[in-house]
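> Right, I'll just put the structure down here and ask away after.
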Amino acid sequence: MGGVAAPVGGQIFSEILPYLEVNQGNAEEVEIIEEISTPDLVGKTLDEASKLAKEAGVELIIEEETEELDKQNTMVKEQVPRAGIIIKKESKVYVKY
45 MGGVAAPVGG QIFSEILPYL EVNQGNAEEV EIIEEISTPD LVGKTLDEAS
95 KLAKEAGVEL IIEEETEELD KQNTMVKEQV PRAGIIIKKE SKVYVKY
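With the sequence shown counted from 1, adding 44 to any position gets you the numbering used here.
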């Protein structure tokens with residue numbers, strides 16, 4: 045669940061640190077991370093979800109994945125964060141089948 049809390053924590057710190065006069069580094073050295081909308085993976089096969097996640101630039105984590113899992117015929121039933129939530133590119137999206 046760290047992938048869910050991290051964006052919120054980052055936003056909180058970015059709002060608090062200027063008030064505490066904490067130097068956040070040289071603006072030229074700060075890496076700009078692209079934000080994207082979480083793709084809708086529910087109802088897709090695990091193979092389709094994996095492809096969509098890769099295209100969106102996020103890491104797909106399949107909960108309780110086994111070697112015997114048939115990714116071509118197993119459907120995603122739930123995802124966290126849910127579709128449409130704004131996340132940072134390269135974040136993790138967790139799915140259950």
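Virtual Cβ for every residue (Gly too), placed ideally from N, Cα, C. In this text, all values refer to a predicted model and were calculated from it rather than measured experimentally.
Could you spell out the range, first to last residue, of the alpha helix (DSSP H) harbouring Leu96?
Here the alpha helix (DSSP H) through Leu96 covers Leu90 to Ala100.
> Under three-state DSSP, which class holds Val137?
DSSP places Val137 in strand when its eight states are reduced to three.
> If distances are taken between C-alpha atoms only, which option among Lys133, Glu108 and Ala127 comes closest to Gly87?
Comparing Cα-Cα distances from Gly87 to each of Lys133, Glu108 and Ala127, the minimum goes to Ala127.
> Once you ignore the five residues that flank Ala93 on each side, which residues in its own chain have a CB closer than 7 angstroms to its CB?
Excluding positions up to five away in sequence, the list reads Leu85, Leu104, Val120 and Val139.
> Out of Gln116, Gly101 and Leu96, point me to the one whose CA is closest to Lys133's CA.
Answer by Cα proximity: Gly101.
> Alpha carbon to alpha carbon, what distance is there between Glu99 and Lys115?
Lys115 and Glu99: Cα-Cα distance of roughly 18 angstroms.
> Nearest CA to the CA of Ala55: which residue from Ile130, Tyr141 and Val137?
The sequence given here places Gln at residue 55; Ala does not occur at that position. Nearest of Ile130, Tyr141 and Val137 to Gln55, Cα basis: Ile130.
> Identify, in the order they occur along the chain, each residue of the same chain with its Cβ nearer than 8 angstroms to the Cβ of Glu78, setting aside the five sequence neighbours on each side.
So the list reads Gly101, Lys132 and Lys133, once near-sequence residues are dropped.
> Expressed to the nearest angstrom, what Euclidean distance is found between the alpha-carbon atoms of Thr118 and Val52?
Approximately 32 angstroms between the Cα atoms of the pair.
> Measuring straight from C-alpha to C-alpha, what distance separates Ile80 and Val137?
Their backbone Cα atoms lie some 12 angstroms apart in a straight line.
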